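> If you read the sequence shown in numbering that gives the first Met the number 0, its first letter stands for residue 0, the second for the next number, and so on.
In this text, a Cβ means the ideal position worked out from N, Cα and C, and glycines have one as well.
Predicted, not measured: the structure shown is a model, and the values here were computed from it.
Sharing a structure here in C-alpha coordinates format.
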Amino acid sequence: MKNVAIIGSGSWGTALATHLASNGHNVKMWSFNEEEKNLINNERRCKFLPGVVIPAKVECYTDIKTVVDGVDFILHVTPSKFTRETFVKYKEYVGNKPVIICSKGFEKESLKTLDEVMIDELPTVRIGALTGPSHAEEVAIAVPTVLVIASHDSEILNLIQDTFMSEKMRVYTSDDVKGVELGGALKNIIAFCAGVAAGIGLGDNSFAALVTRGLGEISRLGTKLGGRRETFYGLSGLGDLIVTCLSEHSRNRRAGVLIGQGKTLEEAKKEVGMVIESIDNIDVAQKLGEINNIYMPITNTVYDVIYNGLKPEEAVIQLMTKEKKCEWD
0 MKNVAIIGSG
10 SWGTALATHL
20 ASNGHNVKMW
30 SFNEEEKNLI
40 NNERRCKFLP
50 GVVIPAKVEC
60 YTDIKTVVDG
70 VDFILHVTPS
80 KFTRETFVKY
90 KEYVGNKPVI
100 ICSKGFEKES
110 LKTLDEVMID
120 ELPTVRIGAL
130 TGPSHAEEVA
140 IAVPTVLVIA
150 SHDSEILNLI
160 QDTFMSEKMR
170 VYTSDDVKGV
180 ELGGALKNII
190 AFCAGVAAGI
200 GLGDNSFAAL
210 VTRGLGEISR
220 LGTKLGGRRE
230 TFYGLSGLGD
240 LIVTCLSEHS
250 RNRRAGVLIG
260 QGKTLEEAKK
270 EVGMVIESID
280 NIDVAQKLGE
290 INNIYMPITN
300 TVYDVIYNGL
310 KPEEAVIQLM
320 TKEKKCEWD
(Lines of atoms letter the chains of each structure in order from A; the text may use other names.)
(Lines give C-alpha, C1' and ligand atoms only; values in the text may rest on other atoms or scores of the structure.)
Protein backbone atom coordinates (compact mmCIF):
# COMPACT_ATOMS: atom_id res chain seq x y z
CA MET A 0 0.00 0.00 0.00
CA LYS A 1 1.25 3.46 -0.92
CA ASN A 2 0.27 6.93 0.23
CA VAL A 3 -0.21 9.17 -2.81
CA ALA A 4 -0.74 12.92 -3.23
CA ILE A 5 -2.70 14.18 -6.23
CA ILE A 6 -2.40 17.89 -6.99
CA GLY A 7 -5.59 18.76 -8.84
CA SER A 8 -9.20 17.64 -8.35
CA GLY A 9 -10.53 17.77 -11.90
CA SER A 10 -11.67 14.81 -13.97
CA TRP A 11 -8.21 13.29 -14.59
CA GLY A 12 -7.00 13.74 -11.02
CA THR A 13 -10.21 12.18 -9.72
CA ALA A 14 -10.03 9.28 -12.19
CA LEU A 15 -6.44 8.51 -11.13
CA ALA A 16 -7.45 8.75 -7.46
CA THR A 17 -10.33 6.35 -8.03
CA HIS A 18 -8.06 3.85 -9.77
CA LEU A 19 -5.35 4.01 -7.11
CA ALA A 20 -7.89 3.64 -4.28
CA SER A 21 -9.35 0.60 -6.04
CA ASN A 22 -5.81 -0.84 -6.00
CA GLY A 23 -5.76 -0.44 -2.21
CA HIS A 24 -3.71 2.78 -1.90
CA ASN A 25 -4.48 5.84 0.23
CA VAL A 26 -4.94 9.06 -1.74
CA LYS A 27 -4.91 12.68 -0.64
CA MET A 28 -6.12 15.16 -3.27
CA TRP A 29 -5.57 18.90 -3.34
CA SER A 30 -8.20 21.28 -4.66
CA PHE A 31 -8.03 25.06 -4.83
CA ASN A 32 -11.81 25.06 -4.52
CA GLU A 33 -13.69 24.53 -1.24
CA GLU A 34 -16.86 23.48 -3.07
CA GLU A 35 -15.03 20.74 -5.01
CA LYS A 36 -13.37 19.54 -1.81
CA ASN A 37 -16.72 19.23 -0.05
CA LEU A 38 -18.30 17.46 -3.03
CA ILE A 39 -15.55 14.83 -2.99
CA ASN A 40 -15.46 14.35 0.78
CA ASN A 41 -19.17 14.56 1.58
CA GLU A 42 -20.92 13.27 -1.52
CA ARG A 43 -18.08 11.11 -2.96
CA ARG A 44 -18.46 12.52 -6.44
CA CYS A 45 -16.79 14.82 -9.00
CA LYS A 46 -18.91 17.23 -11.04
CA PHE A 47 -16.92 16.35 -14.18
CA LEU A 48 -17.53 12.59 -13.82
CA PRO A 49 -21.26 12.07 -13.30
CA GLY A 50 -22.16 8.64 -11.99
CA VAL A 51 -18.69 7.87 -10.61
CA VAL A 52 -18.53 7.10 -6.88
CA ILE A 53 -15.20 8.13 -5.33
CA PRO A 54 -13.84 5.47 -2.91
CA ALA A 55 -13.48 6.10 0.80
CA LYS A 56 -9.68 5.84 0.58
CA VAL A 57 -9.69 9.23 -1.23
CA GLU A 58 -9.75 12.43 0.81
CA CYS A 59 -9.57 15.98 -0.50
CA TYR A 60 -8.01 19.07 1.11
CA THR A 61 -7.48 22.71 0.22
CA ASP A 62 -4.25 22.88 2.26
CA ILE A 63 -1.48 21.75 -0.07
CA LYS A 64 1.07 21.04 2.68
CA THR A 65 -1.32 18.55 4.30
CA VAL A 66 -1.67 16.74 0.97
CA VAL A 67 2.06 16.48 0.25
CA ASP A 68 3.24 15.61 3.77
CA GLY A 69 3.93 11.93 4.41
CA VAL A 70 3.28 10.57 0.92
CA ASP A 71 5.40 8.25 -1.20
CA PHE A 72 5.00 10.24 -4.41
CA ILE A 73 3.08 13.13 -5.95
CA LEU A 74 0.94 13.19 -9.09
CA HIS A 75 0.74 16.68 -10.59
CA VAL A 76 -2.55 16.95 -12.49
CA THR A 77 -3.32 20.66 -13.00
CA PRO A 78 -3.89 22.35 -16.39
CA SER A 79 -0.50 23.10 -17.91
CA LYS A 80 -0.92 26.87 -17.65
CA PHE A 81 -1.15 26.55 -13.85
CA THR A 82 1.82 24.18 -13.48
CA ARG A 83 4.42 26.70 -12.35
CA GLU A 84 2.25 28.69 -9.94
CA THR A 85 0.89 25.51 -8.36
CA PHE A 86 4.29 23.80 -8.10
CA VAL A 87 5.62 26.90 -6.33
CA LYS A 88 2.96 26.36 -3.65
CA TYR A 89 4.33 22.95 -2.65
CA LYS A 90 7.93 22.67 -3.91
CA GLU A 91 9.36 23.34 -0.43
CA TYR A 92 7.59 20.21 0.85
CA VAL A 93 8.73 17.87 -1.95
CA GLY A 94 12.09 16.76 -0.55
CA ASN A 95 13.04 13.46 -2.18
CA LYS A 96 9.49 12.53 -3.19
CA PRO A 97 9.06 11.80 -6.92
CA VAL A 98 6.78 14.22 -8.78
CA ILE A 99 4.92 12.60 -11.67
CA ILE A 100 3.57 14.95 -14.32
CA CYS A 101 0.13 13.80 -15.46
CA SER A 102 -0.76 17.01 -17.32
CA LYS A 103 -0.22 17.44 -21.07
CA GLY A 104 0.95 20.73 -22.51
CA PHE A 105 3.48 23.55 -22.47
CA GLU A 106 4.06 26.72 -20.51
CA LYS A 107 2.90 29.21 -23.12
CA GLU A 108 5.07 32.12 -22.00
CA SER A 109 8.39 30.25 -21.94
CA LEU A 110 7.59 27.57 -24.59
CA LYS A 111 8.90 25.01 -22.06
CA THR A 112 7.67 21.48 -21.43
CA LEU A 113 6.30 20.86 -17.95
CA ASP A 114 9.33 18.91 -16.72
CA GLU A 115 11.48 21.93 -17.65
CA VAL A 116 9.14 24.21 -15.69
CA MET A 117 9.48 22.10 -12.55
CA ILE A 118 13.25 21.75 -12.90
CA ASP A 119 13.42 25.55 -13.25
CA GLU A 120 11.76 25.87 -9.86
CA LEU A 121 13.45 22.92 -8.12
CA PRO A 122 16.58 21.62 -9.88
CA THR A 123 16.80 18.60 -7.54
CA VAL A 124 13.26 17.38 -8.23
CA ARG A 125 12.87 13.69 -9.17
CA ILE A 126 10.65 13.76 -12.25
CA GLY A 127 8.47 11.34 -14.14
CA ALA A 128 5.75 11.78 -16.78
CA LEU A 129 2.68 9.51 -16.95
CA THR A 130 0.66 9.61 -20.15
CA GLY A 131 -0.94 7.60 -22.92
CA PRO A 132 -4.36 6.97 -24.52
CA SER A 133 -6.60 7.53 -21.53
CA HIS A 134 -9.85 9.39 -21.02
CA ALA A 135 -10.76 10.13 -17.41
CA GLU A 136 -14.35 9.05 -18.08
CA GLU A 137 -13.15 5.51 -18.87
CA VAL A 138 -10.35 5.16 -16.29
CA ALA A 139 -12.82 6.18 -13.56
CA ILE A 140 -15.11 3.24 -14.43
CA ALA A 141 -12.23 0.76 -14.83
CA VAL A 142 -12.20 0.38 -18.61
CA PRO A 143 -8.91 -1.45 -19.42
CA THR A 144 -6.27 1.22 -20.12
CA VAL A 145 -2.57 1.17 -21.06
CA LEU A 146 -0.19 4.01 -20.10
CA VAL A 147 3.52 4.78 -20.23
CA ILE A 148 5.65 6.20 -17.41
CA ALA A 149 8.82 8.01 -18.50
CA SER A 150 11.71 8.89 -16.21
CA HIS A 151 15.49 8.80 -16.08
CA ASP A 152 15.15 7.34 -12.57
CA SER A 153 14.66 3.56 -12.54
CA GLU A 154 13.19 3.66 -9.02
CA ILE A 155 10.40 5.90 -10.28
CA LEU A 156 9.67 3.58 -13.19
CA ASN A 157 9.35 0.57 -10.88
CA LEU A 158 7.36 2.50 -8.28
CA ILE A 159 4.72 3.71 -10.75
CA GLN A 160 4.40 0.33 -12.47
CA ASP A 161 3.98 -1.46 -9.14
CA THR A 162 1.47 1.07 -7.79
CA PHE A 163 -0.74 1.46 -10.86
CA MET A 164 -0.79 -1.93 -12.53
CA SER A 165 -3.83 -4.17 -12.19
CA GLU A 166 -6.10 -6.21 -14.42
CA LYS A 167 -7.66 -2.87 -15.44
CA MET A 168 -4.46 -0.90 -16.08
CA ARG A 169 -1.14 -1.79 -17.68
CA VAL A 170 1.88 0.54 -17.52
CA TYR A 171 4.96 0.42 -19.75
CA THR A 172 8.24 2.23 -19.03
CA SER A 173 10.37 4.62 -21.06
CA ASP A 174 13.43 6.78 -20.42
CA ASP A 175 12.39 9.32 -23.10
CA VAL A 176 10.82 11.96 -20.86
CA LYS A 177 11.04 14.65 -23.53
CA GLY A 178 9.42 12.51 -26.22
CA VAL A 179 6.61 11.32 -23.96
CA GLU A 180 5.81 14.87 -22.84
CA LEU A 181 5.91 16.27 -26.37
CA GLY A 182 3.71 13.51 -27.76
CA GLY A 183 1.08 14.15 -25.12
CA ALA A 184 1.09 17.90 -25.73
CA LEU A 185 1.30 18.03 -29.51
CA LYS A 186 -1.42 15.45 -30.21
CA ASN A 187 -3.97 17.91 -28.78
CA ILE A 188 -3.42 20.12 -31.82
CA ILE A 189 -4.29 17.37 -34.28
CA ALA A 190 -7.30 16.36 -32.16
CA PHE A 191 -8.57 19.93 -32.37
CA CYS A 192 -8.10 19.82 -36.16
CA ALA A 193 -9.96 16.49 -36.30
CA GLY A 194 -12.84 18.20 -34.54
CA VAL A 195 -12.81 21.08 -37.01
CA ALA A 196 -12.88 18.58 -39.89
CA ALA A 197 -15.89 16.84 -38.33
CA GLY A 198 -17.58 20.17 -37.70
CA ILE A 199 -17.46 21.17 -41.36
CA GLY A 200 -18.60 17.73 -42.48
CA LEU A 201 -15.45 16.16 -43.92
CA GLY A 202 -15.28 12.37 -44.20
CA ASP A 203 -13.16 9.37 -43.33
CA ASN A 204 -10.66 9.99 -46.13
CA SER A 205 -9.94 13.47 -44.79
CA PHE A 206 -9.72 12.23 -41.21
CA ALA A 207 -7.21 9.50 -42.05
CA ALA A 208 -5.03 11.93 -43.99
CA LEU A 209 -5.16 14.50 -41.18
CA VAL A 210 -4.12 12.01 -38.49
CA THR A 211 -1.33 10.53 -40.61
CA ARG A 212 0.14 13.83 -41.74
CA GLY A 213 -0.41 15.27 -38.27
CA LEU A 214 1.63 12.48 -36.73
CA GLY A 215 4.41 13.39 -39.17
CA GLU A 216 4.38 16.98 -37.90
CA ILE A 217 4.43 15.84 -34.28
CA SER A 218 7.38 13.55 -34.99
CA ARG A 219 9.36 16.19 -36.92
CA LEU A 220 9.05 18.83 -34.23
CA GLY A 221 9.33 16.35 -31.37
CA THR A 222 12.60 14.82 -32.56
CA LYS A 223 14.05 18.28 -33.17
CA LEU A 224 13.23 19.17 -29.56
CA GLY A 225 14.97 16.07 -28.19
CA GLY A 226 12.42 13.24 -28.27
CA ARG A 227 13.13 9.90 -29.95
CA ARG A 228 11.29 9.13 -33.16
CA GLU A 229 9.98 5.76 -31.96
CA THR A 230 8.32 7.43 -28.96
CA PHE A 231 5.96 9.32 -31.27
CA TYR A 232 4.76 6.02 -32.73
CA GLY A 233 4.10 4.59 -29.25
CA LEU A 234 1.45 5.06 -26.57
CA SER A 235 2.17 8.73 -25.84
CA GLY A 236 2.20 9.66 -29.54
CA LEU A 237 0.17 7.55 -31.93
CA GLY A 238 -1.86 5.91 -29.15
CA ASP A 239 -2.89 9.17 -27.53
CA LEU A 240 -3.43 10.75 -30.94
CA ILE A 241 -5.92 8.04 -31.96
CA VAL A 242 -7.98 8.17 -28.78
CA THR A 243 -8.10 11.98 -28.68
CA CYS A 244 -8.99 12.40 -32.34
CA LEU A 245 -11.72 9.74 -32.29
CA SER A 246 -13.49 10.16 -29.00
CA GLU A 247 -16.43 12.29 -27.99
CA HIS A 248 -14.82 12.43 -24.52
CA SER A 249 -12.04 14.64 -25.95
CA ARG A 250 -12.53 18.29 -25.04
CA ASN A 251 -9.94 19.27 -27.68
CA ARG A 252 -11.88 17.49 -30.42
CA ARG A 253 -15.17 18.89 -29.11
CA ALA A 254 -13.80 22.43 -29.22
CA GLY A 255 -12.68 21.88 -32.81
CA VAL A 256 -16.13 20.61 -33.78
CA LEU A 257 -17.69 23.80 -32.41
CA ILE A 258 -15.22 26.00 -34.32
CA GLY A 259 -15.99 24.01 -37.49
CA GLN A 260 -19.69 24.64 -36.90
CA GLY A 261 -19.10 28.37 -36.83
CA LYS A 262 -18.81 29.10 -33.10
CA THR A 263 -16.32 31.70 -31.89
CA LEU A 264 -13.39 30.61 -29.73
CA GLU A 265 -15.02 32.13 -26.63
CA GLU A 266 -18.31 30.35 -27.38
CA ALA A 267 -16.46 27.06 -27.79
CA LYS A 268 -14.60 27.51 -24.49
CA LYS A 269 -17.83 28.28 -22.67
CA GLU A 270 -19.66 25.28 -24.13
CA VAL A 271 -16.84 22.81 -23.39
CA GLY A 272 -16.64 24.14 -19.83
CA MET A 273 -13.14 22.81 -19.07
CA VAL A 274 -9.60 23.85 -19.98
CA ILE A 275 -8.87 23.29 -23.70
CA GLU A 276 -5.13 22.58 -23.78
CA SER A 277 -4.94 22.62 -27.59
CA ILE A 278 -5.64 26.35 -27.80
CA ASP A 279 -2.39 27.31 -26.06
CA ASN A 280 -0.56 24.33 -27.56
CA ILE A 281 -1.29 25.55 -31.10
CA ASP A 282 0.31 28.90 -30.29
CA VAL A 283 3.38 27.28 -28.71
CA ALA A 284 3.86 24.67 -31.47
CA GLN A 285 3.59 27.31 -34.19
CA LYS A 286 6.32 29.35 -32.49
CA LEU A 287 8.54 26.31 -31.86
CA GLY A 288 8.15 25.21 -35.47
CA GLU A 289 9.12 28.66 -36.68
CA ILE A 290 12.13 28.89 -34.36
CA ASN A 291 13.37 25.45 -35.38
CA ASN A 292 12.49 25.77 -39.08
CA ILE A 293 10.19 22.70 -39.06
CA TYR A 294 7.68 22.11 -41.86
CA MET A 295 4.29 22.15 -40.05
CA PRO A 296 1.52 23.09 -42.51
CA ILE A 297 -1.38 21.72 -40.42
CA THR A 298 -0.24 23.51 -37.27
CA ASN A 299 0.39 26.77 -39.11
CA THR A 300 -2.98 26.62 -40.85
CA VAL A 301 -5.00 25.92 -37.70
CA TYR A 302 -3.06 28.73 -36.01
CA ASP A 303 -4.46 31.04 -38.68
CA VAL A 304 -7.96 29.68 -38.05
CA ILE A 305 -7.73 30.39 -34.32
CA TYR A 306 -5.76 33.61 -34.25
CA ASN A 307 -6.04 35.23 -37.71
CA GLY A 308 -9.66 34.62 -38.69
CA LEU A 309 -9.08 32.07 -41.48
CA LYS A 310 -12.32 30.21 -42.26
CA PRO A 311 -12.07 26.42 -41.70
CA GLU A 312 -13.30 25.71 -45.24
CA GLU A 313 -10.61 27.99 -46.67
CA ALA A 314 -8.02 26.29 -44.45
CA VAL A 315 -8.84 22.94 -46.08
CA ILE A 316 -8.36 24.43 -49.55
CA GLN A 317 -5.02 25.92 -48.49
CA LEU A 318 -3.77 22.56 -47.25
CA MET A 319 -5.01 20.67 -50.31
CA THR A 320 -3.43 23.08 -52.79
CA LYS A 321 0.02 23.46 -51.20
CA GLU A 322 3.11 22.84 -53.35
CA LYS A 323 3.81 19.30 -54.53
CA LYS A 324 6.05 17.25 -52.21
CA CYS A 325 7.42 13.77 -51.61
CA GLU A 326 5.57 12.04 -48.76
CA TRP A 327 8.66 11.83 -46.56
CA ASP A 328 9.78 15.46 -47.00
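When DSSP builds the beta bridges, which residues end up paired with Lys100?
Here the sequence assigns Ile to residue 100, which means Lys is not the residue at that position. Per DSSP, His75, Ala128.
> For Cys244, which beta-bridge partners are listed by DSSP?
Note: Cys244 sits in no beta bridge, so no partner.
> Any contact between the region 72–91 and the region 33–53? By contact I mean 3 or more CB pairs, one from each, below 8 Å.
With a cut-off of 8 Å, the region 33–53 and the region 72–91 do not count as touching, because too few Cβ pairs lie within range.
> Is there contact here, the region 264–279 with the region 157–168, by at least three beta-carbon pairs under 8 Å?
no
> On the criterion of 16 or more Cβ atoms from any shown chain inside 10 Å, does Val273 qualify as buried, or is it exposed?
Val is not the amino acid found at residue 273; the sequence shown has Met there. So Met273 ends up on the exposed side.
> Looking at Thr13 and Ala139, is the spacing between their C-beta atoms short of 8 Å?
yes
> Please classify Val3 as buried or exposed, where buried requires at least 16 neighbouring CB atoms within 10 angstroms.
buried
> Whole-angstrom Cβ separation of Val176 and Ile159, contact assumed at under 8 Å?
Contact doesn't hold; Cβ gap of about 13 Å is too wide.
> Measuring straight from C-alpha to C-alpha, what distance separates Ala20 and Lys36?
17 Å
> Could you tell me how far apart the beta carbons of Ser10 and Ala135 are, in whole angstroms, since I believe they sit closer than 8 Å?
4 Å
> Using C-beta distances below 6 Å, list every residue in its chain close to Asn22, excluding the 5 sequence neighbours before and after it, in chain order.
Ser165
> If we ignore side chains and look at the alpha-carbon of each, how far apart do Leu156 and Val98 end up?
12 Å
> Asn25 bridges to which residues according to DSSP?
Asn2
> What residue range is occupied by the uninterrupted alpha helix (DSSP H) comprising Met117?
113–120
> Restricting to runs no shorter than 3 residues, where is the beta strand (DSSP E) found entirely within the region 148–204?
168–173
> Quick check on Thr211: buried or exposed, where buried means 16 or more other Cβ atoms within 10 Å of its Cβ?
exposed
> Round the Cβ separation of Leu15 and Ile6 to the nearest angstrom and send it over; I've been treating them as touching at under 8 Å.
The Cβ separation is near 11 Å, so there is no contact.
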